[in-house]
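*Asks:*
In this note's numbering, the protein residues as written are 85 to 419.
Below you can see the structure in the form of C-alpha cells.
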C-alpha cells in the first residue's frame, strides 16, 4: 500500500497492490508432504499484463465438462495435489482440484474421513499466521474434482483449500490455492494511444528504483508472415478446438528443460495462440478475434470467454532445439 500517515497516526491509503505469493525454494513432494501449489516452482518467462476482470452478471452454469489435456514432451514425475480458485462473477467462483490417490491415502492414514473444500476470506491477512475472516465448508465425494461456490461478499481476497476432516475435527490439508481477488464490478478498459519506444527511465526513490519501458505495437513488434503462422498452427503447435463457453486453462504438470544445462531447474511455462473465433481474455475484458498469451508456473490460469468457436495452439519458442527435453501438460477445463 502507498499512502500517508497523519500526525495522530491515522493511515490514509492512496492505493493497494494486488496480492502476490512469494514461493519458497523448489520443493520435491514426498508422501508425507504433498505441498502447496505455490511451492512447486518459481514462475518465469513472458508475463501477460493486466489484472483479473470478471464477466458481469450471474447465470446458471452447467456441470463442467472433464478437462482436456494437451501434452508437450512429457516425462514421468511425482504428481502433487493442486487446487485452483477462479472467479466466475462477482457472486460466484469455481474451484478445480487434482488430488492423486497416493496423496489422499497418506491423509486417510492420519485419520482423514471426509473430503472437504474450504473457501477462506483472506483479505489483508496471512492464513499461516491469522484465522480467516470467514470460512465456507463443502463436503465432497471422493470422485469430485470441482465445485461452483457462492461468493457472499465481493471486492475481497479468497483462498481455497482441499483436504480431509478427521473425526475429532482436525483439518488435514491436501492443497491450497493462490489468493484471488473478487472485484465488485468489472474494470473499465480505456484506449491508450501508442507512444514510440524510448529508453527506460528510472525514477530514484529512497528505497526502490522504478523503471518504465514503453513498447510500441509497430516499432517493437516481431513480425510473423502468413507462411510462418501457417506452419506454427498446422505443424508445430498442439491444438484444441474451443467451443463457445467459459474456460480455465493452466499448466497441470511438467516443465520446459534443456538436457545440456548442468544444474538448471526446469521451468513450467508454455506459450498460447488463440485464433479463428471470438474470445475474451478475462484479464483484459476485450473481445478479439485472436490473441497471444502465456502460462508461467502452476499457479497461473488463463480464463477465457469463448463467444465463437476458436482454436487454441500451445507451443514453445526457442533458438536451438537439439538439447530441448521434457514437456508440460496443459489442462483445458470448460466450466
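Each residue gets a CB set at the ideal place from its N, CA and C atoms; glycine is no exception. Remember, it's a predicted structure, so these values are computed and weren't measured experimentally.
1) How many whole angstroms separate the CB atoms of residue 200 and residue 222, which I take to be in contact at a CB cut-off of 8 Å?
2) Using only CA atoms, which one of 358, 219, 163, 206 lies nearest to residue 102?
3) Using DSSP with H/G/I as helix, E/B as strand and the rest coil, what is residue 235?
4) Decide yes or no for the touch test of the segment 384-392 against the segment 327-344: beta carbon pairs closer than 8 Å, at least 3 of them.
5) Looking only at C-alpha atoms, which of 104, 403, 99, 183 sits nearest to residue 257?
6) So for residue 221, helix, strand or coil by DSSP?
7) Is there contact between the segment 363-371 and the segment 399-408, where contact requires at least three CB pairs shorter than 8 Å?
8) Please go through the segment 159-194 and give each complete alpha helix (DSSP H) segment of 4 or more residues, from N-terminal end onward.
9) Since I believe residue 259 is in contact with residue 202 (beta carbons under 8 Å), could you give me their beta-carbon distance rounded to a whole number of angstroms?
10) By DSSP's criteria, residue 399 is part of a beta bridge. Which residues make up the other side?
11) To which residues of the same chain is residue 99 closer than 8 Å at the C-beta, ignoring the five residues directly before and after it?
12) By the 10 Å Cβ neighbour count, where 16 or more other Cβ atoms means buried, how is residue 379 classified, buried or exposed?
*Replies:* In short, the structure shows the following:
1) About 7 Å separates the two Cβ atoms, so the contact holds.
2) Ranking 358, 219, 163, 206 by Cα distance to residue 102 puts 206 first.
3) In this structure, residue 235 counts as coil in the three-state DSSP scheme.
4) Yes, they touch.
5) For residue 257, the nearest C-alpha among the options comes from 183.
6) Strand, per DSSP.
7) These segments do not touch.
8) Scanning the segment 159-194 from its first residue to its last, the whole alpha helix (DSSP H) runs of 4-plus residues come out as 185-193.
9) Their Cβ separation, rounded to whole angstroms, is 11 Å, which puts residue 202 and residue 259 out of contact at 8 Å.
10) Looking at the DSSP assignment, residue 399 forms a beta bridge with 355.
11) These residues qualify, in order along the chain: 85, 86, 87.
12) In summary, residue 379 is buried, with 16 or more beta-carbon neighbours lying within 10 Å of its beta-carbon over all protein chains present.
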